[in-house]
Every structure is written in C-alpha cells, then in structure tokens.
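Worksheet: the structure to be examined is printed underneath.
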DNA sequence: AAGATTACCTGAAGGC
DNA sequence: TGCCTTCAGGTAATCT
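Numbering (the working numbering), first residue to last: 100 to 403.
This is the structure in structure tokens:
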C-alpha cells in the first residue's frame, strides 16, 4: 500500500475538508484552525463520541453539555485548538453557559470534517457530531493527542492552558530578551518549553536557531542582546512564512482540500544532517539537545 | 533548578 | 521475505 493512500479516509466518503498535518507546531495548528473555523463556527453540536479510553484527558468531561451547544469560535493557543461554545437552551439555566473544548493534536492528530458517518479506522478515536449528518473525526495514530472540556470562564486559568507561556508571534522583543536573560537553560530547551513560549516545536526551533546563527546548547542567559533580538526576529519571520505556506508536511499526504503544507520545501537544517549548509557549505551535524534530534551547522552556529 | 531519562505509542526504515 | 531494532517526537513524570 502506498504511503499516500494510508492517510486517506475511505474513498466513498465525501469529505468537505481534511486538516491533516504531522508534527503539528504553531503554523500547522494555525493552519488547521483557519481551515476548521469557517466550517464550524455557528454550527450546533449533536454530541461527542469518544471511542478510545484516554483520548479525553480531563477527569470531569460533561459530555452531555455539548448536546445542542453552538460553536462560537475556533482559535489557537500555543499548539492547542480552542473551540468556544454556548450550551443549548435546556442547559443554560442550571450550569455555565459557555464551554471551551480544547484539542491537542500531539504528534499525528488529524481532524477531518465528514459529511456522513463512515466506517471507523483503527486510529479513529473520537467523533464530534454536528447538526445534520456531518461530523468532525479525530484520527491519531500515535495517540499523543487529547481533548479537554472546561467552563470558558476558567479555561485560561486551569490545565492544560494555565501554564502556557506567551505566543511567539505576540511576545514583544523586550519581553523575549527578558525571557532569555531570566533563565539559565539551553536555548533550545527554553524554546521547546511551552511554559516559556507556547507553540514552538522541534522543526521551527532548529530552523530559527540556524537562521539566527545560535548554537542550540547556548545558555539562554549568555545570549547577548543583539543575538537575542535576531532570534526574536527570525522566529517571527519563519513562523509567519510557515503559516503563509500552510505549515509543513513531513510524512502524510491528504488531498484534496486540507492539502499538504508547503513549508517543508524551505527547510534549511531540519532533517538535512549530512548535507552541506546553504550558507557556508559545512556538513550539517545532528546531535541530541534537550532529548530531541537537533540539526545544526557547526560553523555558522558556533560552540556555546 | 536545570537537565537527563523514561514512558506513552505506532509506523517507517534499516540491518541481517 | 521477514523478523528485529531503532528512530521520530509533544508532554509529563521522575530522578540526579
């Protein structure tokens, strides 16, 4: 079976949209959100059907409150997809009327809007039922993804959003410099830590550090202000470019519509170990930093 | 307090 | 061909 076929829903189901991206970081999640938003906002839910134990991550998940709820907005916070809902009229009097549904795609999470129920595959773990026959199907081969449901009033102050750091595209240059100066930690570990900055993952870390010519093992507090400013600028540039190109697709393809991202064609270091640096020709090296495979140019990104 | 290690999970890829 | 091992990584927990 070809690798292209693996990611596809059964051919007889007409899908109005497929949002499928592996290794979702900020640009990929943003892409999914932008594609889902017009399909979901304003729609009423019939309910939610989890099929796999563990896919729902919060202890109390008032499933029934979703019946008749209306989707008000779909947004992104870090690598989370955040759906804000208003509960149906029969629920409104006895309980909170605003709910927040959170989805984390983990490593391999995919959301597909189907216009009719179809046979579930091995890795389909949850359906969100919409009005009519439509549904949003959650597929996640490695099962690192998960769903949460919280009253909207407390969504930002409780797990899993509570401890998230600022958005890399919103943090000011000054605050970013302060963040780096305030921690004695390898810069790559800091960038990957969602409590420090929410949304960066392995790919965009490596690309940003290469662009800024900073060694991933530099202690963040040892990075001089001009270099920190440069890193801030490159992170913004790269994330924005990746969002414009609808993220990066590494392994799975899913046409039509949600389509693969295109930023993978722009990688300068990620997955390129052994090949020459585009800047100086030195062979790119791979090492382990913060427990993650890391690619860098030993010449451009001088030793810490 | 930083950082190293492990666990979770499965498909892909490489070795023999 | 097929079995085995290793690797990939977002996050959390645990140890040093």
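Using N, Cα and C, we set each Cβ at its ideal position, and we do this for glycine too. Being a predicted model, the structure only gives us computed values, none of them experimental.
Closest by C-alpha distance to residue 128, out of 146, 251 and 339, is 339. Close CB contacts of residue 123 within its chain, under the 6 Å cut and outside five residues either way in sequence, are with 204 (chain order). Only residues of its own chain outside the window of five on either side were considered, and among them 224 have a CB closer than 6 Å to the CB of residue 151, listed in chain order. Note on geometry: alpha-carbon atoms of residue 378 and residue 384 lie some 14 Å from one another.
Approximately 5 Å separates the beta-carbon atoms of residue 267 and residue 334; this is inside 8 Å, confirming the contact. Excluding the 5 residues flanking it on each side, residue 243 has same chain C-beta neighbours closer than 6 Å at 205 and 206, in chain order. Fully enclosed alpha helix (DSSP H) runs of no fewer than 4 residues are not present anywhere in the region 126-163.
Within its own chain, the residues whose Cβ lies closer than 8 Å to the Cβ of residue 132, once the five positions on either side in sequence are excluded, are 173, 174, 175 and 180, listed in chain order.
Residue 393 is a Cβ neighbour of residue 305, given a cutoff of 9 Å. With a minimum length of 3 residues, the unbroken runs of beta strand (DSSP E) contained wholly in the region 245-303 fall at 245-250. Its Cα nearest to that of residue 390, the residue 300 stands out among 322, 212, 300 and 343. Counting other Cβ atoms within 10 Å of its Cβ, residue 231 stays below 16 and is therefore classed as exposed. The distance from the Cβ of residue 154 to that of residue 246 is about 6 Å, consistent with a contact at the 8 Å cut-off. In the three-state reduction of the DSSP assignment, residue 329 falls in the helix class. Inter-residue distance for residue 262 and residue 254 is about 11 Å (C-alpha atoms, whole angstroms).
Short of 7 Å from the beta carbon of residue 185, and not among the five residues preceding or following it, lie these beta carbons of its own chain, in chain order: 168, 169, 171, 196 and 197. With a beta-carbon spacing of about 4 Å, residue 362 and residue 341 fall inside the 8 Å limit used to define contacts. Between residue 141 and residue 166, the beta carbon gap of about 17 Å keeps them out of contact (Cβ cut-off 8 Å). DSSP, read as helix, strand or coil, puts residue 188 in helix. Between residue 311 and residue 298 a beta carbon distance of about 17 Å is seen, past the 8 Å cut, so the two are scored as non-contacting. Note that the C-beta distance between residue 318 and residue 283 is below 9 Å. When DSSP reads this structure, residue 382 sits in a beta bridge with 375.
With respect to the 9 Å criterion, residue 396 and residue 309 are classified as neighbours on the basis of their beta carbons. Counted as a single uninterrupted DSSP element, the beta strand (DSSP E) harbouring residue 223 occupies residues 223-229. C-alpha of residue 403 to C-alpha of residue 327: approximately 14 Å in a straight line. Shown here, residue 337 sits in a helix according to DSSP, grouped into three states. The C-beta separation of residue 239 from residue 209 comes to about 7 Å, placing the pair in contact by the 8 Å criterion. No residue range can be given for residue 365, since it is assigned to no beta strand (DSSP E) and is classified by DSSP as neither H nor E.
Counted as a single uninterrupted DSSP element, the beta strand (DSSP E) harbouring residue 203 occupies residues 197-203. No residue range can be given for residue 243, since it is assigned to no beta strand (DSSP E) and is classified by DSSP as neither H nor E.
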